[in-house]
Structure formats: C-alpha cells, structure tokens
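Per the numbering used here, the sequence shown runs over residues 11 to 189.
No residue lacks a Cβ here, since even glycine has one placed at the ideal position from N, Cα and C.
Written below as structure tokens is the structure these notes are about.
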Amino acid sequence: MISKKQNIVLTVGIIVIVATVIYINTISSFNLIKPLDGVDNMTYEKYENAIFTYEIIRYPSHVNVTQHYFNDTIIIGIMNDPDNLGFGIVPAGSGGRRFIKIENDDPVKARIKTVVFGNISEFITISYSDFILDANESKNYAVGLQTNENTIQGNYTGEIDLIVIKPKYKNLEPLLSVI
Numbered sequence: 011m012i013s014k015k016q017n018i019v020l021t022v023g024i025i026v027i028v029a030t031v032i033y034i035n036t037i038s039s040f041n042l043i044k045p046l047d048g049v050d051n052m053t054y055e056k057y058e059n060a061i062f063t064y065e066i067i068r069y070p071s072h073v074n075v076t077q078h079y080f081n082d083t084i085i086i087g088i089m090n091d092p093d094n095l096g097f098g099i100v101p102a103g104s105g106g107r108r109f110i111k112i113e114n115d116d117p118v119k120a121r122i123k124t125v126v127f128g129n130i131s132e133f134i135t136i137s138y139s140d141f142i143l144d145a146n147e148s149k150n151y152a153v154g155l156q157t158n159e160n161t162i163q164g165n166y167t168g169e170i171d172l173i174v175i176k177p178k179y180k181n182l183e184p185l186l187s188v189i
C-alpha cells in the first residue's frame with residue numbers, strides 16, 4: 011500500500027520528469043531557429059520532436075533607404091508579392107507596412123512567434139510577435155518598417171521568420187503558454 015507521502019513524492023517526481031523532457035525538447039528544437047544565409051524566396055521547413063511540430067516560414071526582407079529632399083519627386087518601390095516582405099525604396103525618415111495572414115486549419119491551437127534577423131531588424135516592428143492562434147482561426151497582422159531621418163542611405167536586408175508551434179495532441183495545448 012502506498013502512503014499519502016509516497017503518493018505525493020511520486021506525483022512530484024513524475025511532474026519533474028515530464029517538465030524536464032518538455033524543457034529539453036523545447037530547447038533542442040529552438041536551436042533550429044536561426045537565420046539562413048541568403049534567403050531569396052519564401053522557404054518552408056518542418057521539424058518534429060516528441061511533443062511539438064515546428065513549422066518555420068522564412069521570408070526575405072529588404073529595403074533601400076534613400077535620401078529625402080523636400081519638394082523632390084520620390085520614386086518608391088512597391089512590392090505586391092505576398093511571399094516577399096520587401097519594402098522596396100524608402101526615403102530616410104519614412105516607412106512602410108506589409109501584412110501577413112496566418113491560418114490555423116488544424117484541430118489544435120498553435121503558438122506563433124515572429125523573429126527578425128539581419129541589419130533590417132532595427133527598423134522592423136511586428137504587431138503580434140508572439141501569440142496563440144486557436145484551432146480553425148486566422149489572423150492578419152502587420153509587419154512595419156520605420157526609418158528615421160538620420161538613417162544612413164543604403165540597402166538593408168534580413169529575414170523574417172514565422173515560427174508555428176503545434177502540440178502533437180490536443181491535450182498538450184496548455185504547454186503552448188510555457189514555451
């Protein structure tokens with residue numbers, strides 16, 4: 011017969027073991043999240059561990075910052091390719107916005123994280139950089155770029171990674187809030 015004290019110790023032990031496995035799986039999986047060299051087109055990668063599925067969608071991003079003179083005609087670059095988060099040509103002191111629509115068609119919730127790499131990252135803001143998307147839900151969010159008047163002219167490049175983390179089983183959804 012197991013005493014109440016032994017039952018508590020056993021329960022705590024199981025919780026510690028499960029938490030350790032989750033932590034190790036999560037940490038080892040996040041080593042996958044680093045920039046690729048020279049992303050020219052949107053790329054998609056998928057990884058799995060014992061608990062989660064990780065989808066990484068990598069978007070190239072770039073901007074050409076130019077000098078702005080008052081009353082000058084400015085030619086700006088406009089991108090309408092949904093797989094490209096490029097901002098074209100932007101005068102110093104101005105910016106632009108692009109939009110990402112993400113859909114979760116699966117029957118489980120997903121954690122969405124957005125990470126920006128490269129020298130463009132200092133100019134990028136993201137309206138929702140870390141959130142949970144319910145099952146069968148979609149969301150639009152903005153990726154903004156803002157330069158200041160002192161921004162040095164030139165090309166700035168980088169990568170904007172959208173990381174989608176889904177539990178393999180619905181009963182593991184509560185773990186999304188701790189990773």
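Backbone CA spacing between residue i and residue j [nearest angstrom]
i, j, result
"K176", "P45", "21 Å"
"E183", "K119", "6 Å"
"V125", "K178", "23 Å"
"V26", "L20", "10 Å"
"A152", "T135", "8 Å"
Nearest to residue i (by Cα), restricted to the options the options
i, options, result
"K111", "K15, G103, S187, L143", "L143"
"N129", "D115, I173, E147, N165", "N165"
"N160", "P101, E55, I61", "P101"
"F133", "D116, R107, Y151", "R107"
"I189", "E55, F62, Q16", "F62"
"L185", "I24, A29, D115", "A29"
Which of helix, strand or coil DSSP assigns to residue i
i, result
"I110", "strand"
"Q156", "strand"
"A145", "coil"
"I27", "helix"
"D184", "A small fix is needed here, since residue 184 is Pro in this sequence, not Asp. Helix, per DSSP."
"S131", "helix"
"K178", "coil"
"N17", "helix"
"V22", "helix"
"Y215", "Absent from the model: residue 215. The displayed extent of the chain is 11 to 189, so no value can be given."
"Y166", "strand"
"H78", "coil"
"T161", "coil"
Whether residue i touches residue j by CB criterion (8 Å)
i, j, result
"D171", "I66", "yes"
"G168", "S131", "yes"
"Q77", "Q156", "no"
"Y69", "M52", "yes"
"I99", "N59", "no"
"I122", "V174", "yes"
"N150", "F109", "yes"
CB-CB length for residue i against residue j, believed under 8 Å
i, j, result
"S71", "G96", "6 Å"
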